[in-house]
Amino acid sequence: SGKDISRLGSGNVGAVNTLRQVGILPGLLTLILDVGKGALAVFWAVHFKEVTVFPLLALLLAIIGHNYSPFLKFKGGKGIATFVGGLLYLSPYTLVIFLLIFILLAWRLRDANTATGLGFLFLPFILGLQKGEWSWFFAGAAIALVIIVKHFPDFEAYSRRCS
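The numbers in the numbering used here rise by one with no breaks, and the one at position 58 of the sequence shown is 108.
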């Protein structure tokens with residue numbers, strides 16, 4: 051559409067801002083590409099079976115690349131769709147657990163952005179318990195940190211609304 055999404059709405063280049071600012075078709079295309087980015091990173095990494103945590107590290111790097119793209123002067127999205135794509139490929143069961151936690155938090159907080167960020171506090175524990183490996187716990191913590199940092203403005207806005 052010729053619009054610079056980084057200058058519209060939240061300035062976020064992810065699917066939600068694209069949907070809100072440009073329309074449903076560009077928003078869906080962005081969502082598909084972002085989900086695909088995470089799934090492709092994990093798909094590629096799964097073939098390195100010697101290191102069990104490698105798929106999570108590949109997902110972490112895909113999320114970092116999405117959130118801090120050098121092609122966009124280190125700006126980007128929040129990494130949620132990329133995370134969903136990677137986890138959907140790696141462990142749909144874990145994704146379902148994560149989504150249930152998100153739904154509970156969103157219902158309780160009445161704020162989807164804050165619920166998303168806070169939901170990632172549970173990710174290291176979900177991954178660590180599911181796989182029974184500390185490496186998965188720490189990889190989950192790294193992924194959570196990268197995504198939570200992008201949600202700080204949402205936490206601040208939620209805090210102001212609740213004050």
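Even for Gly, the Cβ is constructed at its ideal location relative to N, Cα and C.
For residue j and residue i, believed in contact at Cβ under 8 Å, the rounded distance
{"i": "Q180", "j": "T144", "result": "6 Å"}
{"i": "G61", "j": "T68", "result": "The Cβ separation is near 12 Å, so there is no contact."}
Contact check, residue i vs residue j, beta carbons under 8 Å
{"i": "V66", "j": "V134", "result": "no"}
{"i": "F148", "j": "I114", "result": "no"}
{"i": "N28", "j": "K200", "result": "Only positions 51 to 213 of the chain appear in this structure, which leaves residue 28 out of reach."}
{"i": "L106", "j": "W184", "result": "no"}
{"i": "L81", "j": "V196", "result": "no"}
{"i": "A112", "j": "K128", "result": "no"}
{"i": "G126", "j": "V92", "result": "no"}
Which listed residue (the options) has its alpha carbon closest to that of residue i
{"i": "F123", "options": "D204, V63, L177", "result": "According to the sequence provided, residue 123 is Lys. The question's Phe does not apply to it. Of the listed residues, the one whose Cα sits closest to K123 is V63."}
{"i": "A108", "options": "S60, F148, L90, E206", "result": "L90"}
{"i": "L173", "options": "W157, A192, W94", "result": "A192"}
{"i": "R211", "options": "E183, A194, L195, R160", "result": "R160"}
{"i": "F23", "options": "E206, A156, A207, A189", "result": "This structure cannot settle anything about residue 23, because the visible part of the chain is limited to 51 through 213."}
{"i": "A162", "options": "D204, S119, R70", "result": "D204"}
{"i": "A165", "options": "V72, I130, F121", "result": "I130"}
{"i": "G182", "options": "T80, T102, G77, W157", "result": "T102"}
{"i": "I153", "options": "L195, L168, S209", "result": "L168"}
{"i": "Q71", "options": "L155, A194, R57", "result": "R57"}
Buried versus exposed call for residue i [16 or more other C-beta atoms within 10 Å across all chains shown]
{"i": "H97", "result": "exposed"}
{"i": "G73", "result": "exposed"}
{"i": "A95", "result": "buried"}
{"i": "F170", "result": "buried"}
{"i": "L75", "result": "exposed"}
{"i": "A207", "result": "exposed"}
Minimum Cβ-Cβ distance from residue i to chain B less than 8 Å
{"i": "G52", "result": "In the structure shown, chain B does not exist; there is a single protein chain."}
Near the ligand MG: residue i beta-carbon under 7 Å from a heavy atom
{"i": "I197", "result": "Judged by which ligands are present, the structure shown has none, so any question about the ligand MG falls away."}
### Query
Which full runs of the alpha helix (DSSP H) of 4+ residues lie inside the segment 79-121, going along the chain?
104-117
### Message
Threshold first: 4 residues or longer. Then list the alpha helix (DSSP H) segments lying entirely within the segment 173-211, N to C.
### Response
173-181, 184-200
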